[in-house]
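Mapping of the sequence shown onto my numbering: residues 62 to 228, in sequence order.
Every residue, glycine too, gets a C-beta built ideally from N, C-alpha and C.
Some notes on the structure that comes next.
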Amino acid sequence: MKNIHGRVSADIEGDFVVFLIGMHVNRWYDVRRWGPAFVAMVRMIRELQARPELGLLRADGGWVLGGPGFIQYWRSYEHLEAYARASDSVHLPAWRAFNRRARTSDSVGIWHETYRVTSGNFEVMYNFMPEVGLLAASGAAPLQRGSTSSQRIGDRTQDTAPVEPPN
């Protein structure tokens, strides 16, 4: 990935949702229990990436809170919930299958956290970074030299950075 040179913020209009989701493998040897959940997570991401009208803006996978997971950015909570409940999606049958398996084994746990973010009530900064996270979901907006987190989120209009930025 090519790095962006200089300090930038995400350029996203309106409200959006941050959705963290993952699994925790309690018994690594029991692949037949956790394997299907892992495969289903990957299939869901592929489905969502192929159908942008479903509302997923970006998904970054990796090790999240102690296991495989994703940080996802959605256009709205309504998009996220509609996908979760859609009978023609990969998610609903996978959810049902997981719950059936979970009744007989605790080899794998799943979790999620959902955050509604209202316009103007977030702050992000990327410096010499590839496009990841909200930046990759939205695009870049240049930051003024010396701008601070508290200024960007609207807490203080007059503020001085305690450390000189590198650029």
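Cβ-Cβ separation, Ala158 to Pro227 (assumed contact under 8 Å), whole Å: Locating residue 227 in the sequence shown gives position 166, where the first residue counts as 1. Locating residue 158 in the sequence shown gives position 97, where the first residue counts as 1. With a Cβ gap of about 49 Å, Pro227 and Ala158 do not count as contacting.
Just to confirm my understanding: we take Lys63, look at its own chain, exclude 5 residues before and 5 after, and list those with CB closer than 7 Å. What are they? Reading the sequence shown from its first residue, position 2 is the one you call residue 63. Contacts found: Pro191.
Identity of the residue in Phe189, Asp220 and Thr175 nearest Phe77 by Cα: Your numbering for residue 77 matches position 16 in the sequence shown. Phe77 has its Cα closest to that of Thr175, out of Phe189, Asp220 and Thr175.
What would DSSP say about Val125, mapped onto helix, strand or coil? In the sequence shown, counting from the first residue as 1, residue 125 sits at position 64. In this structure, Val125 counts as strand in the three-state DSSP scheme.
Output the boundary residues of the alpha helix (DSSP H) element that contains Ile73. To locate residue 73, count along the sequence shown from 1; it is residue 12. Looking at the DSSP string, Ile73 is not in any alpha helix (DSSP H), and its letter there is neither H nor E.
On a Cα-Cα basis, can you pick out the residue from Ala163, Glu114 and Gln133 that is closest to Val79? Taking the first residue of the sequence shown as position 1, residue 79 is located at position 18. Out of Ala163, Glu114 and Gln133, Gln133 has the C-alpha closest to the C-alpha of Val79.
Cβ neighbour criterion (16 or more within 10 Å) applied to Leu109: Sequence index remark: in the sequence shown, residue 109 carries index 48 (1-based). Result: buried.
Could you tell me the alpha carbon to alpha carbon distance between Val224 and Trp95, rounded to whole angstroms? The residue labelled residue 224 in the question sits at position 163 within the sequence shown. The residue labelled residue 95 in the question sits at position 34 within the sequence shown. Approximately 46 Å between the Cα atoms of the pair.
Ordered along the chain, which non-local residues of its own chain (more than five positions away) have a Cβ less than 6 Å from that of Ala198? Walking along the sequence shown from the start, residue 198 turns up at place 137. Excluding sequence neighbours, Ala198 sits near Leu118, Arg119 and Tyr134.
Taking the CB atoms as reference points, tell me whether Arg88 and Ser168 lie closer together than 8 Å. For the purposes of this step, residue 88 is identified with residue 27 of the sequence shown, where counting begins at 1. For the purposes of this step, residue 168 is identified with residue 107 of the sequence shown, where counting begins at 1. Yes.
By the three-class DSSP mapping on this structure, what secondary structure does Glu108 have? Along the sequence shown, read from residue 1 onward, the residue named residue 108 stands at position 47. The answer is helix: DSSP assigns Glu108 an H, G or I state.
Count the other CB atoms within 10 Å of the CB of Tyr90; is the residue buried (16 or more) or exposed (fewer)? On the sequence shown, residue 90 is found 29 positions in, with the first residue counted as 1. Counting Cβ neighbours within 10 Å, Tyr90 comes out exposed, since fewer than 16 surround it.
Identify which residue in Arg136, Leu81 and Arg68 has its Cα closest to the Cα of Trp124. Taking the first residue of the sequence shown as 1, we reach residue 124 at position 63. It is Leu81 whose Cα lies nearest to the Cα of Trp124.
Whose C-alpha, out of Thr218, Asp216 and Ala202, is nearest the C-alpha of Glu74? The residue given as residue 74 occupies position 13 in the sequence shown. Here the closest residue by C-alpha is Ala202.
Give every residue of the same chain whose Cβ lies closer than 6 Å to the Cβ of Val185, excluding the five residues on either side of it in the sequence, and list them in chain order. Taking the first residue of the sequence shown as 1, we reach residue 185 at position 124. Excluding sequence neighbours, Val185 sits near Ser70, Ala71 and Leu195.
What are the start and end residues of the alpha helix (DSSP H) that includes Arg157? Here residue 157 refers to the residue found at position 96 of the sequence shown. It spans His152 to Ala163 - the alpha helix (DSSP H) in which Arg157 sits, taken as one unbroken run.
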